[in-house]
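Single-structure report; data block below.
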Amino acid sequence: MTEVARAVPPVLRSKAALRAAVGGWQAAGEIVGVVPTMGALHEGHLSLVRAAEASCDRVVVTIFVNPAQFNNPSDLESYPRTEEADAEKLSRRRVDAIYAPPVSEIYPGGFCTTVSVAGLTDVLCGAHRPGHFDGVATVVTKLFTQTRADRAFFGEKDFQQLQVIRRLVRDLDLEVEVTGCPTIREEDGTAMSSRNLLLSDRARVRAPALHEALQEMAEGLRAGGQASELGAAARARLLAAGFSGVDYIDLRACDDLSLLETPTREARLLAAAWLAGVRLIDNIAV
Ligand code: PAF
Numbered sequence: 010m011t012e013v014a015r016a017v018p019p020v021l022r023s024k025a026a027l028r029a030a031v032g033g034w035q036a037a038g039e040i041v042g043v044v045p046t047m048g049a050l051h052e053g054h055l056s057l058v059r060a061a062e063a064s065c066d067r068v069v070v071t072i073f074v075n076p077a078q079f080n081n082p083s084d085l086e087s088y089p090r091t092e093e094a095d096a097e098k099l100s101r102r103r104v105d106a107i108y109a110p111p112v113s114e115i116y117p118g119g120f121c122t123t124v125s126v127a128g129l130t131d132v133l134c135g136a137h138r139p140g141h142f143d144g145v146a147t148v149v150t151k152l153f154t155q156t157r158a159d160r161a162f163f164g165e166k167d168f169q170q171l172q173v174i175r176r177l178v179r180d181l182d183l184e185v186e187v188t189g190c191p192t193i194r195e196e197d198g199t200a201m202s203s204r205n206l207l208l209s210d211r212a213r214v215r216a217p218a219l220h221e222a223l224q225e226m227a228e229g230l231r232a233g234g235q236a237s238e239l240g241a242a243a244r245a246r247l248l249a250a251g252f253s254g255v256d257y258i259d260l261r262a263c264d265d266l267s268l269l270e271t272p273t274r275e276a277r278l279l280a281a282a283w284l285a286g287v288r289l290i291d292n293i294a295v
């Protein structure tokens with residue numbers, strides 16, 4: 010695919026500047042797409058930008074490391090921040106603006122509202138990262154209301170997040186169409202993630218075991234196995250491969266994320282596991 014180097018897209022820091030730009034485009038009848046990110050952009054994010062380019066007249070990429078979704082201060086501190094390199098990558102795409110607000114533009118003094126999606130957030134990452142999805146739901150709602158975008162693009166790699174966002178859009182009647190885009194993988198099968206940057210070379214070579222464990226579990230299900238037994242074997246395999254802990258490796262229904270033993274409805278295998286102090290997540294359809 011040819012990449013055309015363009016000028017770095019304008020970086021907007023205030024919602025007033027953002028709304029002026031988006032309002033002008035929409036007044037001219039243009040469809041505006043938003044790709045919310047926390048930066049440290051990789052091919053996975055760029056695939057979302059491509060999806061936005063393909064179905065929207067204008068594309069806004071937001072870059073905001075959202076403090077409200079980190080339940081661990083050292084995780085927030087160590088999260089990679091690479092705005093200049095991100096802007097350079099986006100200059101190769103058809104991106105009309107980067108919205109990179111300061112924390113005060115999203116959470117002004119006295120901010121005290123939380124968007125909380127019950128049920129879907131009680132399980133999987135929600136059970137292991139208290140408050141995480143409230144932080145995600147709140148910031149995504151704010152990014153939607155600040156950008157007033159017509160369409161929004163999220164990766165299936167964060168499958169639970171995608172379902173939470175779909176539900177909040179439905180429940181709050183937000184006028185934005187949400188599209189989920191397939192996970193982009195490294196050659197060794199590892200799902201692309203900004204967190205991969207935190208792995209040492211030694212740990213990075215072990216990371217593909219997560220995707221392999223999910224694939225093996227999917228094969229077991231196809232052969233008639235039960236998710237709980239296959240999950241126990243996958244857990245042991247990950248620990249043997251050098252992971253220090255497994256938060257979950259579950260078969261879940263796509264719509265309400267309820268636990269399944271066999272894929273009797275549209276289902277997904279989802280996992281979260283710790284490698285050298287870094288929490289990796291992945292999921293595959295079954
Ligand atoms: O997936 C992410 O990068 C973040 O959770 C999101 C959706 C940008 C909200 O901060």
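Going by our numbering, the sequence shown opens with residue 10, and the numbers climb by one from there. Every residue gets a Cβ at the ideal spot worked out from N, C-alpha and C, and that includes glycine.
At a threshold of 7 Å, Val43 does not count as near the ligand PAF, since its beta carbon sits no closer than that to any of the ligand's heavy atoms. In the structure shown, Ile40 falls within a coil segment according to DSSP collapsed to helix, strand and coil. Excluding its 5 nearest sequence neighbours in each direction, Val17 has C-beta neighbours in its own chain below 6 Å: Ala96, Ser100, listed in chain order. Closest by C-alpha distance to Gly189, out of Asp182, Leu278, Gln169, is Gln169. Taking C-beta atoms as the reference points, Ala106 and Ala29 fail to come closer than 8 Å.
The three-state reading of DSSP puts Asp66 in coil, since its state is none of H, G, I, E or B.
Going by DSSP, Val17 is part of no alpha helix (DSSP H) at all; its letter is neither H nor E. If you keep only unbroken beta strand (DSSP E) runs of at least 3 residues inside the segment 55-143, you get 67-72, 106-108.
Fully contained in the segment 204-256 is no beta strand (DSSP E) run of length 3 or more. Shortest Cα-Cα distance from Pro217 to any of Leu230, Arg194, Gly234, Leu239 involves Arg194. The segment 62-69 makes no contact with the segment 123-130: fewer than 3 CB pairs, one atom from each, lie closer than 8 Å. The alpha-carbon of Ala222 is positioned some 31 Å away from that of Ala161. Beta bridge pairing from DSSP links Ala161 with Val43, Val187.
For Gln169, the shortest C-beta to heavy atom distance toward the ligand PAF is 7 Å or greater. Selection Ala14, Pro45, Cys134 evaluated against Tyr257 yields Cys134 as nearest (Cα-Cα).
DSSP places Leu152 within a helical segment (H, G or I) once states are collapsed to three.
Residue pairing from DSSP places Ile293 in a beta bridge opposite Leu278.
As a beta-bridge residue in DSSP terms, Val287 pairs with Leu284. Looking at Tyr88, Ala243, Phe142, Leu152, the one whose alpha-carbon comes closest to that of Leu27 is Leu152. Assignment of Ala262 by DSSP, reduced to helix, strand and coil, places it in the strand class. Under the DSSP assignment, Arg179 falls in the alpha helix (DSSP H) whose first and last residues are 168-180. By the Cβ-count criterion, Phe120 is exposed, with fewer than 16 other Cβ atoms from all chains shown falling within 10 Å of its own Cβ.
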